[in-house]
Amino acid sequence: MADYRLIYNCPGCGKPSKTPEGALTNRCEYCGLVVRIGAPRRVLKYFYPSKIDQYGARMAADRYLKNKNLPLTENIIKTNFYYLPFYRFRGMALDYLAPAIEMVEVSEGSVMPVKSKPALKGKDFDVTVSAFASDQFKLATLGIRPKATPLYAFSRDELSEEAIIVGSNITPSQAEKQAMELHKNNISLYNKSEPICSAMIGEQISVIYFPVWAVIHEKEGRLNTVFVDALAKRGYNQTAGGFEYDGSKSTERNSYFIKPMKHQCPNCGADLQEKHFSLFYPCRNCDRAFIINSDGYREIKCLTAEANFCAPYWRFPLELKSRKQYRTVDEFYSLLTSEIALLRKEKRGRQFYLYSPAFKATDVTRWAKRASGVLKTQPHDRLFEKLPSESLDVCIDEIEAAEMAVFLWRMASAKYSKIQHDSFYFTENDLPQGELVWLPVQDFMLLSKSVDFREVNIRR
Ligand SMILES: [Zn+2]
Ligand SMILES: [Zn+2]
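Numbering (numbering that gives the first Met the number 0), first residue to last: 0 to 459.
Dropping the structure here:
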């Protein structure tokens with residue numbers, strides 16, 4: 000069942016159309032117009048509409064005060080309505096953990112130190128980080144919000160006049176750093192060993208504006224402010240005095256607003272399909288293929304294996320140099336000496352590639368393990384320049400894929416001390432341009448988990 004949560008105004012019919020949050024393209028449920036909503040690497044802004052008005056806010060404040068055995072609001076001085084920005088940061092977190100020494104019971108009463116194998120851990124990562132000075136509003140996190148609560152595309156005209164939109168005082172990259180710190184702390188909490196390498200793939204950052212009422216009331220000459228969560232319709236904190244926010248307000252200078260546009264082939268103008276989370280759109284009319292990038296569409300070449308069902312991968316040719324040059328599969332075999340699949344004679348003389356899945360799957364560990372297998376076997380399927388038939392959606396852009404490719408390489412090469420040599424070191428910025436290839440899939444378990452891929456709900 001679809002999980003519709005974002006509402007935008009359709010440019011075709013003007014009605015509020017629903018789409019899953021984070022979707023790139025969508026078909027209007029009323030008029031059928033297909034639009035492009037987002038783009039990779041865009042910080043999209045959303046808001047939750049308030050579920051209560053001023054009167055409701057006062058009721059909520061009174062319930063809060065009553066529970067605390069405090070005098071109820073008597074004289075309402077002012078009721079301010081605020082929108083507080085939170086960054087929501089999502090991705091797939093991958094960690095390749097070093098072997099650890101564990102004490103294992105070998106027979107009754109006797110334990111022995113045993114060295115565990117290195118382990119790959121993958122998990123969905125989803126946190127919110129407040130983008131404002133949270134102590135002022137006494138609200139540090141967005142908490143858990145029901146999936147059923149729809150988010151709306153943020154635009155000034157959709158918000159009530161009286162709303163005070165609090166400015167963000169941290170940048171998306173600072174938020175990202177905070178989120179990564181949170182992840183690191185979690186990893187060290189659950190594991191005994193340090194990661195050899197880590198990566199965060201498929202990141203999406205969005206800003207969610209959360210509605211809060213501040214009810215300022217007076218009793219016997221003393222002012223007090225109760226903060227009300229306008230979604231849960233519940234007071235959550237209070238402070239002495241009449242609270243007026245005096246920090247920065249949103250300038251909306253760096254904002255990107257959701258502007259749905261017609262989703263059409265940039266070459267021939269034919270309508271393109273809607274595939275919520277896909278970056279890849281073939282045009283069946285002119286047989287060209289495009290991927291969505293930050294400013295529109297980019298035409299790409301598709302290299303496809305002859306198979307009933309394929310999965311898309313990004314690949315990057317790799318060349319390393321020390322005293323010797325490494326470019327082909329057999330040359331790389333002299334570095335990755337235990338990967339005997341590289342020995343097959345069909346692979347001799349072929350270019351060695353780093354591979355990275357362009358699709359997502361809910362089972363992140365399995366997804367990464369499969370990808371690591373592709374790197375270590377260097378598939379030699381014949382590829383044809385044609386549009387893929389049935390395939391998984393391309394959900395990971397080239398920049399993210401390059402990061403993943405480097406992670407997989409570090410994982411594959413971790414046990415070879417020879418490769419740890421400085422002259423072999425490279426980062427995703429050193430990789431040449433990648434290309435999309437569609438390779439046959441064998442792991443149908445992973446497939447079923449990928450076809451059903453859905454965005455996850457907000458967690459702390
Ligand atoms: Zn419409
Ligand atoms: Zn076309």
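Ideal Cβ placement from N, Cα and C applies to all residues, glycine included.
Residues bridged to residue i by DSSP?
| i | result |
| --- | --- |
| Met91 | Asp123 and Ile200 |
| Phe209 | Leu83 |
| Ser106 | Ser109 |
| His216 | Ile75 and Asn223 |
| Asp270 | Gln263 |
| Ser292 | Residue identity differs from the one stated: residue 292 is Asn in this sequence, not Ser. BP columns for Asn292 point to Gly295. |
| Pro439 | Cys309 |
| Gln324 | Lys320 |
| Glu101 | Val113 |
| Lys44 | Val206 |
| Glu427 | DSSP, once it has assigned bridges, lists no residue as partnering Glu427. |
CB-CB under 6 Å to residue i, same chain, minus the five flanking residues each way: which ones, in chain order?
| i | result |
| --- | --- |
| Ala56 | Thr78, Trp212, Val214 and Val227 |
| Val126 | Phe88, Ala178 and Leu181 |
| Glu385 | The displayed chain sequence assigns Lys, not Glu, to residue 385. If we look at Lys385 and ignore the five residues flanking it on each side, its Cβ neighbours are Thr303. |
| Arg155 | none |
| Tyr296 | Pro265 and Phe289 |
Which term fits residue i, buried or exposed, when burial requires 16 or more other beta carbons within 10 angstroms of its beta carbon?
| i | result |
| --- | --- |
| Ala30 | Reading off the sequence shown, one finds Cys at residue 30, where the question assumed Ala. Looking at its Cβ environment, which holds fewer than 16 other Cβ atoms inside 10 Å, Cys30 is exposed. |
| Gln350 | exposed |
| Phe279 | buried |
| Leu96 | buried |
| Arg459 | Because the pLDDT of Arg459 is 27, which lies under 50, any placement of that residue in the model is unreliable, and the question is left without a value. |
| Thr336 | exposed |
| Ile100 | exposed |
| Leu302 | buried |
| Asn223 | buried |
| Met260 | exposed |
| Ser205 | buried |
| Ala22 | buried |
| Ala132 | exposed |
| Asp421 | exposed |
| Ile257 | buried |
| Cys285 | exposed |
| Cys394 | buried |
| Thr24 | buried |
| Lys274 | buried |
| Tyr332 | buried |
| Ile339 | exposed |
| Ala239 | exposed |
| Phe136 | buried |
| Asn307 | exposed |
| Ala139 | exposed |
| Thr72 | buried |
| Cys9 | buried |
| Phe383 | exposed |
| Lys359 | buried |
| Glu427 | buried |
Spatial neighbours of residue i within its chain, please: CB distance less than 7 Å, with the 5 preceding and 5 following residues excluded, ordered by chain position.
| i | result |
| --- | --- |
| Asp245 | none |
| Leu271 | Val33, His262, Gln263, Cys264, Tyr280 and Cys282 |
| Lys248 | Ile163, Ile164, Val165 and Gly166 |
| Ile418 | Leu334 and Ser412 |
| Glu161 | Phe80 |
| Gly433 | Trp313, Arg314, Phe315, Glu397, Ala400 and Ala401 |
| Leu319 | Tyr325 and Phe423 |
| Leu317 | Phe351, Tyr352 and Leu353 |
| Ser115 | Pro98, Ala99 and Glu101 |
| Ile76 | Ile215, His216, Glu217, Leu222 and Gly241 |
| Ala198 | Leu93, Glu402, Met403 and Phe406 |
| Cys309 | Thr303, Pro387, Ser390, Trp437, Leu438, Pro439 and Val440 |
| Ser187 | none |
| Ile36 | Tyr7, Thr18, Ala22, Leu23, Thr24, Asn25, Ile257 and Pro259 |
I'd like the list of long-range same chain contacts for residue i, defined as Cβ closer than 8 Å, with 5 residues on each side in sequence excluded.
| i | result |
| --- | --- |
| Met102 | Val110, Met111, Pro112 and Val113 |
| Leu150 | Arg4, Leu5, Ile6, Glu20, Tyr45, Phe46, Tyr47 and Ile207 |
| His379 | Arg343, Glu345, Lys346 and Arg349 |
| Asp294 | Ala38 |
| Tyr63 | Val225, Val227, Arg233, Gly234, Tyr235 and Gln237 |
| Asn168 | Ala130, Phe131, Ala132, Gly246 and Ser247 |
| Leu430 | Phe315, Leu317, Leu353, Ala401, Ala404 and Val405 |
Strictly closer than 5 Å from CB to any heavy atom of ligand 2: give me those residues in the order they appear in the chain. With the cut-off at 5 Å, the residues found are Cys264, Asn266, Cys267, Ala269, Cys282, Asn284 and Cys285.
Give me every residue whose Cβ sits closer than 5 Å to any heavy atom of ligand 1, in chain order. This criterion selects Cys9, Gly11, Cys12, Cys27, Tyr29, Cys30 and Leu32.
Which ranges would you report for the beta strand (DSSP E) in the stretch 358-404 if only whole runs of at least 3 residues count? 382-384
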